[in-house]
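S.K.: My questions all concern the structure below.
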Amino acid sequence: MTKQCRVTTSEIKAMKRKGEPIAMLTAYDYPSARLVEEAGVPMILVGDTLGMVVLGYDTTLPVTMEDMLHHVKAVVRGTERALVVADMPFMSFQVGPEEALRNAGRFLQEGGAQAVKLEGGVIMAETVRKIVDAGIPVMGHVGLTPQSVHQFGGWKVQGKRPQGAIRVMNDALALEQAGAFSVVLELVPTALSTLISKRLRVPAIGIGAGPGCDGQVQVFHDLLGLYGDFVPKHTRQYAQIGEAIRTAVAEYATDVRAGRFPTEDQSFSMDESALAELLTTDDDDSATNGSRRPAHLSIPALPPR
Ligand code: KIV
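Mapping of the sequence shown onto the numbering used here: residues 1271 to 1575, in sequence order.
What follows is the structure in structure tokens.
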């Protein structure tokens, strides 16, 4: 039997050359990863957004390597074909290139991912180079980098003014030079992201960066109406799965309360002779202690020694 091969970073880069738009989506667990792959998405990001949409934190900052590895492993188990990119959490790569390389390696060795993503541009170029030189594909991430949300003073569009625009452009180019196989542009004006996408040879994957990028990435829970706390402007909700779940669960609870669930369809039968034996035992029991318990509460007699 031939083993199904996963999409490679070379294939992702070739998609840009061929002008094929790249659809990327996050996934955080086995069932969502399966669904995303079955829907034909070639590249899945196990984003540290899981801190917000799965674990309920206000930001991505509390997410740890162990949290990420736990979810990366589940996503890898749920996929055969998709390229799985593991997001490096806060403080797993900022301290220095050595530590960044060790943690990136864990995502491939323990997690089973095929690539890692990390936030930061020029300042992270040396780190990206070190990881790439070790044979680990890296996706860069510039513009609004959520792990620096406190430094940015909120979730603000980056590169609206000349100085900021030059910074975002230089960050993206530095990552390409350092060997990144693609770069995420987050919350960047359309005109700037279009220009950056044209300048880069590797794919620019946008989120809140308009239609001029080579690909798009979105958060699973945003796209499907599963995260009620906040819907970003850059998201289009393709379904209201949260509402569907709420309705279904309420129906289930109503059925339980009304005695409509379970019915015979969801129950199991037993051998009638076994039941008859139990009832006989119950009769013996009532004869010795004088009480008559309902059959379903009777205590089976101990076997003779
Ligand atoms: O963590 C994440 O999901 C991300 C995307 C928003 C690009 O970094």
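Ideal Cβ placement from N, Cα and C applies to all residues, glycine included. These figures come from a predicted structure and were not determined experimentally.
Could you check whether the Cβ of Ile1477 sits closer than 6 angstroms to any heavy atom belonging to the ligand KIV?
M.R.: yes
S.K.: Could you check if Thr1517 is buried or exposed, using at least 16 other CB atoms within 10 Å of its CB as the buried criterion?
M.R.: Counting Cβ neighbours within 10 Å, Thr1517 comes out exposed, since fewer than 16 surround it.
S.K.: Buried or exposed: which applies to Met1540, given that a residue is buried once 16 or more other Cβ atoms fall within 10 Å of its Cβ?
M.R.: Exposed, since its Cβ has fewer than 16 Cβ neighbours within 10 Å.
S.K.: Taking the beta strand (DSSP E) that Ala1356 falls in, what are its first and last residues?
M.R.: 1353-1357
S.K.: Tell me, please, which residues DSSP counts as bridged to Leu1378.
M.R.: Paired residues: none, contrary to the question.
S.K.: For Thr1334, collect the residues of the same chain with a Cβ closer than 7 angstroms to its Cβ; drop the 5 residues on either side in sequence, then sort them by chain order.
M.R.: Pro1359
S.K.: Taking 7 angstroms as the threshold (C-beta atoms), are Val1408 and Val1398 in contact?
M.R.: yes
S.K.: Going by DSSP in three states, Ile1475 sits in which element: helix, strand or coil?
M.R.: In the structure shown, Ile1475 sits in a strand (DSSP, three-state: E or B).
S.K.: How should Arg1376 be labelled, buried or exposed, when 16 other C-beta atoms within 10 angstroms of its C-beta is the threshold for buried?
M.R.: buried
S.K.: Would you kindly work out how many angstroms separate the C-alpha atoms of Val1392 and Val1453, rounded to a whole number?
M.R.: 13 angstroms
S.K.: Taking the continuous beta strand (DSSP E) assigned at Gln1486, which residues delimit it?
M.R.: Per DSSP, Gln1486 belongs to the beta strand (DSSP E) from 1485-1488.
S.K.: Quick check on Ala1297: does DSSP put it in helix, strand or coil?
M.R.: coil
S.K.: Measure the CB-CB distance between Leu1455 and Ala1479 and report whether it falls below 7 angstroms.
M.R.: In this structure, Leu1455 lies near Ala1479, with their beta-carbon atoms less than 7 angstroms apart.
S.K.: Exposed or buried, Leu1470, counting other C-beta atoms within 10 Å across all chains shown (16 or more means buried)?
M.R.: Buried is the call here.
S.K.: What is the rounded straight-line gap between the Cα of Val1316 and the Cα of Val1355?
M.R.: 6 angstroms
S.K.: For Gly1321, does the three-state DSSP call read helix, strand or coil?
M.R.: helix
S.K.: Which whole-angstrom value describes the C-beta separation of Lys1343 and Leu1371, a residue pair presumed to lie in contact below a C-beta threshold of 8 angstroms?
M.R.: Between Leu1371 and Lys1343 the Cβ distance is about 20 angstroms, and since that is not below 8 angstroms, they are no contact.
S.K.: Mark Tyr1497 as exposed unless 16 or more other C-beta atoms lie within 10 angstroms of its C-beta, in which case mark it buried.
M.R.: buried
S.K.: Count the other CB atoms within 10 Å of the CB of Asp1318; is the residue buried (16 or more) or exposed (fewer)?
M.R.: buried
S.K.: Within the same chain, show all residues whose beta-carbon is closer than 6 angstroms to that of Gly1366, passing over the 5 residues directly before and after it, in chain order.
M.R.: The answer is none, since no qualifying residue turns up.
S.K.: State the beta-bridge partners of Glu1456 as determined by DSSP.
M.R.: Glu1456 is bridged to Gly1413, Ile1477.
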